[in-house]
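Line order of the protein sequences matches chains A and B. Per this note's numbering, the first sequence starts with residue 1, numbered consecutively. Per this note's numbering, the second sequence starts with residue 247, numbered consecutively. Where a beta carbon is used, it is the ideal one built from N, C-alpha and C, also for glycine. Step one of this worksheet: look at the structure below.
There are 2 protein chains.
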Amino acid sequence: MASRENKNGIQQLKSRQVTLSGFEKNYGIELSVDCIIFGFDEEKLKVLLIRSDLTKYSGKWSLLGDLVFPSEDLDAAAYRVLKQRTGLSDVYLEQVSTFGTVSRHPAGRVVTVAYCSLINVQHHKLNILDNELHWHDVKSVTDLAFDHQQIFDTCLMQLQKRVQEHPLGFNLLPKKFSLRDLQNLYEAILNIKLDRRNFRKKFFSMDLLIDLDEMEQDVPHRPGKLYKFNFEKYGKKKKSWVGIDF
Amino acid sequence: MASRENKNGIQQLKSRQVTLSGFEKNYGIELSVDCIIFGFDEEKLKVLLIRSDLTKYSGKWSLLGDLVFPSEDLDAAAYRVLKQRTGLSDVYLEQVSTFGTVSRHPAGRVVTVAYCSLINVQHHKLNILDNELHWHDVKSVTDLAFDHQQIFDTCLMQLQKRVQEHPLGFNLLPKKFSLRDLQNLYEAILNIKLDRRNFRKKFFSMDLLIDLDEMEQDVPHRPGKLYKFNFEKYGKKKKSWVGIDF
DNA sequence: ATACAATGTGTTTAATTTACACAGTAAATG
DNA sequence: CATTTACTGTGTAAATTAAACACATTGTAT
């Protein structure tokens, strides 16, 4: 691939795979994953951040990530980071976007794939022994290290969109939750206020909540009923949605 | 990074960036981009494919892609591929997803970032001199090389979703188009039939089409009026859409 | 002149979304 | 134990949006 830079496109492409098969030259692009780990606690949407260990960004917070191993699937790398940090497996994890600006990392070329993860903060014992690791209210997340602010903003926006179209939010709640919990969650994610009666009507009309015939405990007021989400029923019904609107 | 594989997570992460800064070792993951180039012609949604040059996949069609250069932004690499193939710049291009299964490429580890591109087939003189490069009706795209079928399916689904929420479709049409053109486009992308009157009502009520006071030419029937899309007006109005439904 | 194949337009009905108020219940207080 | 407090739980009317549906008009081709 000596003449890589100056061949015409088709020639170049045709010779690519020949080169690739031999791996004569590696382009030196490092690949990493970054996990944007969301949690819901104290009626607020939180994100898990770690203090940057680069002097350039000392004092700043950054996302949790690591390089991808040569023989590791991308998703597996994201799961690995997640498990290392939270001790959790079997959590919601979704690829969001890949960030590959040449100078995004001060140490050299690193392309990173961002993953959004939603975890239930009750279900885990975080390794927050490490006092460099903290939950942050998403409303106060600013000025992250690297291009992590941009990555975070992208993930939060995608979460806001997707939570309205898919039952992602339940990953952030305990298995049993009240409708108030659910509404608080949506209000925290979307950063808006919703009408309580219409919110209930909406969810009841979807007919995807299972009434557990149990009540909240230890609340300082009239307890609400508890529900769980009917994932099975949701899995069966495929909604093919058509509605042009922009 | 001698002990990379057996350190605990936090230690490992802390040592990562030290290693990175020196680039002592490259993990040997190649990075590529693949462009899913859509066009609209003969009232059909088309995708541009090239014959695979790998013997393993001989006879099969594949997407257009190339390795990313070490000092090239990801988006720039996608633009480069696109320009080489179509001669077009200033076209719609959007990152869709990244595919990184270890064994997705027979020649070794290659992670690829998929980009969706929408081009106006009138506006370009394709280098289809190369008879290995062809437009294919998306309905008949099956059994692509590598994992390209999966990538293609992902991109088509994303296009179907996004075209309903954003004015992407106009990138596939000439600047001047009739409402029938527009409806044909949506029907081709979504693979459904739409009611003509409701379709018109919908678009007129958005008030984003500019009536050009011109008529179609050379049609073998009553000509329709021509419109263009009001990108400027669309850019100004930000719709913050809330509607939980799944 | 006529047949043809489109364009262009409106209304009625159903479905969905929004706005909005009051009674009921458990816990906490004195 | 009576009262206050702070929630839960429910229904209806109005407005908006989406869906179904038919006929007159215009230019082309014969």
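In the structure shown, what three-state DSSP assignment does Val121 of chain A receive? As a position in the first sequence, residue 121 of chain A is number 121, starting the count at 1. Note: Val121 of chain A maps to helix in three-state DSSP.
Bridge partners of Leu133 of chain A, per DSSP? For the purposes of this step, residue 133 of chain A is taken as residue 133 along the first sequence, with counting starting at 1. Answer is A:Ile50, bridged to Leu133 of chain A.
At what residues does the beta strand (DSSP E) containing Ile37 of chain A begin and finish? As a position in the first sequence, residue 37 of chain A is number 37, starting the count at 1. Run containing Ile37 of chain A: 30-41, per the beta strand (DSSP E) assignment.
In the stretch 144-172 of chain A, which residues sit with their C-beta less than 7 Å from some C-beta in chain B, listed in chain order? Gln164, Glu165, His166, Pro167
Are the beta-carbon atoms belonging to Ser52 of chain A and Lys60 of chain A less than 8 Å from one another? Here the question's residue 52 of chain A lines up with position 52 in the first sequence. Here the question's residue 60 of chain A lines up with position 60 in the first sequence. Yes, the Cβ-Cβ distance between Ser52 of chain A and Lys60 of chain A is below 8 Å.
Which whole-angstrom value is the C-beta distance of Lys228 of chain A and Ile210 of chain A, which I expect to be below 8 Å? Against the first sequence, residue 228 of chain A aligns to sequence position 228. Against the first sequence, residue 210 of chain A aligns to sequence position 210. So it is a contact: roughly 5 Å between Cβ atoms.
Between the stretch 173-186 of chain A and chain B, which residues of the former have CB atoms less than 8 Å from a CB of the latter, in chain order? Tyr186
Spell out the partners DSSP gives Ala360 of chain B in its beta bridges. Locating residue 360 of chain B in the second sequence gives position 114, where the first residue counts as 1. Ala360 of chain B is bridged to B:Asp280, B:Ser343.
Of all the CB atoms in chain A, is at least one closer than 8 Å to the CB of Val314 of chain B? The residue given as residue 314 of chain B occupies position 68 in the second sequence. Val314 of chain B counts as touching chain A.
Between Leu64 of chain A and the rest of its own chain, which residues show a CB-CB distance below 6 Å, the 5 nearest in sequence each way excluded? Walking along the first sequence from the start, residue 64 of chain A turns up at place 64. Only Cys35, Ile50, Val81, Arg85 meet the Cβ criterion.
Can you tell me whether Asn198 of chain A is buried or exposed, with buried defined as 16 or more other CB within 10 angstroms of its CB? For the purposes of this step, residue 198 of chain A is identified with residue 198 of the first sequence, where counting begins at 1. Classification of Asn198 of chain A: exposed, given that the 10 Å Cβ count is below 16.
Just reading off the beta strand (DSSP E) that His216 of chain A is part of, what are its end residues? Walking along the first sequence from the start, residue 216 of chain A turns up at place 216. It is Glu, not His, that sits at residue 216 of chain A in the sequence shown. Counting along the chain, Glu216 of chain A falls outside any beta strand (DSSP E), and DSSP gives it neither H nor E.
With DSSP run on the structure shown, which of helix, strand or coil describes Ser58 of chain A? Indexing the first sequence from 1 puts residue 58 of chain A at position 58. Of the three classes helix, strand and coil, the one that applies to Ser58 of chain A here is coil, per DSSP.
So, helix, strand or coil for Lys439 of chain B, using DSSP? Reading the second sequence from its first residue, position 193 is the one you call residue 439 of chain B. Reduced to three states, the DSSP call for Lys439 of chain B is coil.
So for Leu182 of chain A, helix, strand or coil by DSSP? For the purposes of this step, residue 182 of chain A is identified with residue 182 of the first sequence, where counting begins at 1. Helix.
The alpha helix (DSSP H) spanning Phe259 of chain A covers which residue range? The question about residue 259 of chain A has no answer here: the residues shown for chain A are numbered 1 through 246.
Mind checking if Arg109 of chain A is an interface residue toward chain B, Cβ cutoff 8 Å exclusive? Residue numbering aside, residue 109 of chain A sits at position 109 when the first sequence is read from its first letter. So, interface residue.
Can you tell which of B:Met461, B:Val348, B:Leu300, B:Val488 has its C-alpha closest to the C-alpha of Glu72 of chain A? Position 72 of the first sequence, counting from 1, holds the residue named residue 72 of chain A. It is B:Val348.
For Phe497 of chain B, which of helix, strand or coil comes out of DSSP? Here chain B covers residues 247 to 492 and nothing more, so residue 497 of chain B does not appear.
Residues of the stretch 339-351 of chain B with Cβ closer than 7 Å to any Cβ of chain A, in chain order: Gln341, Ser343, Thr344, Gly346, Thr347, Val348
Following the continuous alpha helix (DSSP H) through Leu74 of chain A, name the residue where it begins and the one where it ends. Position 74 of the first sequence, counted from the start, is the residue given in the question as residue 74 of chain A. Run containing Leu74 of chain A: 74-86, per the alpha helix (DSSP H) assignment.
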